[in-house]
Structures are given as structure tokens and as C-alpha cells.
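Residues in the sequence shown are numbered from 1 upward in steps of one, following UniProt numbering.
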Amino acid sequence: PEGIATLGAFMGYSHSHIGFDRGGHGSVGSYSLGGYASWEHESGFYLDGIVKLNRFESNVAGKMSSGGAANGSYHSNGLGGHIETGMRFTDGNWNLTPYASLTGFTADNPEYHLSNGMESKSVDTRSIYRELGATLSYNMRLGNGMEVEPWLKAAVRKEFVDDNRVKVNNDGNFVNDLSGRRGIYQAGIKASFSSSLSGHLGVGYSHGAGVESPWNAVAGANWSF
């Protein structure tokens with residue numbers, strides 16, 4: 001066949017820790033459910049699409065400018081979509097995949113109250129960014145038939161939304177501007193344990209446009225039937 005199409009569904013969970021320069025910390029737990037579609041031509045050209053629903057549960061323990069502490073929690077729901085196209089080049093066990101992608105996300109506008117009486121409401125929570133990058137991997141087949149594929153990825157991401165707003169104590173809007181470019185650097189390994197079961201592990205770092213993600217780790221498993 002000239003092309004292979006794949007359809008599927010997934011669910012996931014992630015947990016993030018957040019630190020603040022002025023003291024305090026926070027955390028975000030995210031539950032996700034979504035579906036994907038993929039098409040790949042025998043030439044190596046591919047097109048992928050993902051739609052995902054999220055449920056975020058957030059906790060904040062902050063330090064005020066006066067030195068006092070305040071804490072609170074809130075939840076929100078989000079909807080995101082992602083489309084990616086690229087070309088896979090293979091030379092022996094080596095694979096090089098340059099790609100381009102576009103991702104969009106929106107969430108409802110949560111309102112939360114801190115223990116010191118401060119109130120905050122997100123007026124807008126949106127993100128639209130494009131990403132250009134490449135992944136380099138090396139495929140190895142072990143003696144027991146298991147396949148292992150370590151990989152490296154580098155990309156440049158540009159965020160377009162610059163007017164997300166947060167209202168504090170009903171006194172004006174603070175603009176949360178995360179627009180601009182940042183570098184994305186990741187490494188990981190994929191393993192196929194059988195024809196139906198596989199797993200992956202990855203770590204990453206990103207920096208630029210006023211945002212730094214010192215490190216993150218992702219692990220998962222896939223079962224097909």
C-alpha cells in the first residue's frame with residue numbers, strides 16, 4: 001500500500017511542580033482523554049492529528065510581598081488540538097525526522113480564593129504556537145527480539161498569544177504574556193516489548209521568551225489490539 005492510516009484513543013496523567021522567585025510553590029495535576037489519527041506514506045511523509053480534553057487540579061502556596069503566606073486551590077477544564085507533518089529519512093538503523101507542527105489550546109476561566117482573602121480570576125487562557133524541529137533516533141534489535149530506539153530532539157517553538165489576562169481582587173487586569181520563541185531540547189528511549197506492547201521514557205528542557213522549564217520527565221506505555 002502507498003499509505004497506512006491509524007486511529008486511536010488515549011488517556012493520561014501528569015504532575016508538575018512550580019516554584020516562584022519570591023518564595024512559595026505550587027503544583028498542577030492534569031488528567032487527559034483524547035483521540036488521534038495518523039497517516040504515513042511509503043515515502044516517509046506523514047500527517048498526524050490529536051484532539052485532547054484536560055482536567056487541571058492546581059494548588060498554590062505563595063508568599064506575599066509583605067512576607068505573609070497564602071494558599072488556595074482551584075480546578076479548570078481545557079481543550080486542545082495538535083497537527084503535525086514531517087518526513088522520515090532512514091539510513092540503516094538511523095532515522096532523521098524533520099517536522100513542523102501547530103498546536104492550539106483553550107481553557108475555561110477558573111476563579112480561586114486564597115486564604116488571605118485575595119481573589120483571582122483568569123479572563124483568558126489560550127495558547128497557539130508553531131514548532132519547527134527534528135528528531136534523530138537509532139533503532140536496535142536485541143537478542144531476545146525486543147526493539148530499543150534511543151532518540152534526540154531539538155526544536156524552536158513560537159507562541160503567538162500575548163494577551164492572556166488575570167484579574168486580581170476585581171482591580172484591573174494583569175497580562176500574562178508568554179509570546180515569543182524558545183528552544184526545546186529532549187532525549188529519550190522507546191522500547192517494543194512485543195507486537196502489541198511498547199513503552200517510552202523521555203526528559204526535556206526548554207528556555208526562552210521569559211519562560212524556563214529546567215527539566216521534565218515523561219513515561220508511558222502503549223498497548224495495541
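Every residue gets a Cβ at the ideal spot worked out from N, C-alpha and C, and that includes glycine. As the structure is a computational prediction, the values presented were derived from the model and not from experiment.
Exercise for the section: Specify, as a first and last residue, the run of the beta strand (DSSP E) that glutamate 57 falls within. Expected result: The sequence position of residue 57 within the sequence shown is 57, counting from 1. Start and end: 45-63.
Going by alpha carbons, who is nearest to asparagine 170 out of Arg157, Lys121 and Ser195?
By 1-based counting over the sequence shown, the position of residue 170 is 170. Asparagine 170 has its Cα closest to that of Lys121, out of Arg157, Lys121 and Ser195.
In angstroms, rounded to a whole number, what distance separates the CA positions of lysine 167 and methionine 146?
-> Along the sequence shown, read from residue 1 onward, the residue named residue 167 stands at position 167. Along the sequence shown, read from residue 1 onward, the residue named residue 146 stands at position 146. Lysine 167 and methionine 146: Cα-Cα distance of roughly 53 Å.
request  = Report, in whole angstroms, the separation of the C-beta atoms of glycine 49 and isoleucine 83, which I expect to be a contact under 8 Å.
outcome  = Mapped onto the sequence shown, residue 49 falls at position 49. Mapped onto the sequence shown, residue 83 falls at position 83. Glycine 49 to isoleucine 83, Cβ: 5 Å. Contact.
Fill in: First through last residue of the beta strand (DSSP E) which encompasses asparagine 116
Here the question's residue 116 lines up with position 116 in the sequence shown. Premise fails: asparagine 116 is in no beta strand (DSSP E) and is neither H nor E.
**Request:** Just tell me which of Phe160, Met87, Lys52 and Ser27 has its CA closest to the CA of glycine 62.
**Result:** Residue 62 sits at position 62 when you count from the first residue of the sequence shown. Nearest C-alpha to glycine 62: Ser27.
According to DSSP, which residues form a beta bridge with aspartate 91? Counting from 1 along the sequence shown, the entry for residue 91 is found at position 91. Per DSSP, Trp94.
Exercise. Taking the beta strand (DSSP E) that methionine 11 falls in, what are its first and last residues?
Worked result: The residue given as residue 11 occupies position 11 in the sequence shown. Note, methionine 11: beta strand (DSSP E), 3-19.
Note to self: Going by C-alpha to C-alpha distance, which of Asn93, Leu33, Val218 and Leu102 sits closest to alanine 9?
What the structure shows: Working through the sequence shown from its first residue, we reach residue 9 at position 9. That would be Leu33, whose Cα lies nearest to the Cα of alanine 9.
(message) With the cut-off set at 7 Å, would you say serine 206 and serine 198 are in Cβ contact?
(response) The sequence position of residue 206 within the sequence shown is 206, counting from 1. The sequence position of residue 198 within the sequence shown is 198, counting from 1. Result no, Cβ atoms of serine 206 and serine 198 do not sit closer than 7 Å.
Next on the checklist: So for leucine 174, helix, strand or coil by DSSP?
Outcome noted: Reading the sequence shown from its first residue, position 174 is the one you call residue 174. Correcting the residue identity first, residue 174 is phenylalanine in this sequence and not leucine. Here phenylalanine 174 sits in strand by DSSP.
- Message: Let's test the definition: count the other Cβ atoms within 10 Å of the Cβ of threonine 125 and tell me whether it reaches 16, buried, or not, exposed.
- Response: Translated into positions along the sequence shown, residue 125 becomes position 125. The residue is buried, with at least 16 neighbouring Cβ atoms inside 10 Å.
### Query
Which residue comes first and which comes last in the beta strand (DSSP E) that contains glycine 26?
Reading the sequence shown from its first residue, position 26 is the one you call residue 26. Note, glycine 26: beta strand (DSSP E), 24-41.
Exercise. Just confirm the distance between the C-beta atoms of serine 115 and alanine 70, as a whole number of angstroms; I'd bet it's less than 8 Å.
Key: The residue given as residue 115 occupies position 115 in the sequence shown. The residue given as residue 70 occupies position 70 in the sequence shown. Right, the Cβ-Cβ distance comes to about 5 Å (below 8 Å), so this counts as a contact.
Practice item. May I have the straight-line CA-CA distance separating serine 195 from serine 137, to the nearest angstrom? Key: On the sequence shown, residue 195 is found 195 positions in, with the first residue counted as 1. On the sequence shown, residue 137 is found 137 positions in, with the first residue counted as 1. Spanning the two alpha carbons is a distance of roughly 20 Å.
*asked:* Do leucine 79 and leucine 53 count as a contact pair if the criterion is CB distance below 7 Å?
replied: Locating residue 53 in the sequence shown gives position 53, where the first residue counts as 1. Locating residue 79 in the sequence shown gives position 79, where the first residue counts as 1. In contact: leucine 53 and leucine 79 (Cβ atoms closer than 7 Å).
- Beta bridge counterpart(s) of asparagine 222 as assigned by DSSP: What you label residue 222 is simply residue 222 of the sequence shown in a count that begins at 1. DSSP, once it has assigned bridges, lists Ser198 as partnering asparagine 222.
> Whole beta strand (DSSP E) runs in the region 131-175 with 3 or more residues, listed along the chain?
Replying inline: 147-159 and 164-168
For phenylalanine 193, the residue or residues it bridges with in DSSP: For this step, residue 193 is matched to residue 193 along the sequence shown. Answer is none; phenylalanine 193 lacks a bridge partner.
- Query: In three-state terms, what does DSSP make of serine 179?
  - Reply: Taking the first residue of the sequence shown as 1, we reach residue 179 at position 179. Coil at serine 179, not helix or strand.
(request) Go ahead and pull the three-state DSSP assignment for threonine 103. (result) Taking the first residue of the sequence shown as position 1, residue 103 is located at position 103. Here threonine 103 sits in strand by DSSP.
>> If you reduce the DSSP assignment to three classes, tell me which class alanine 209 lands in.
In response: On the sequence shown, residue 209 is found 209 positions in, with the first residue counted as 1. Of the three classes helix, strand and coil, the one that applies to alanine 209 here is coil, per DSSP.
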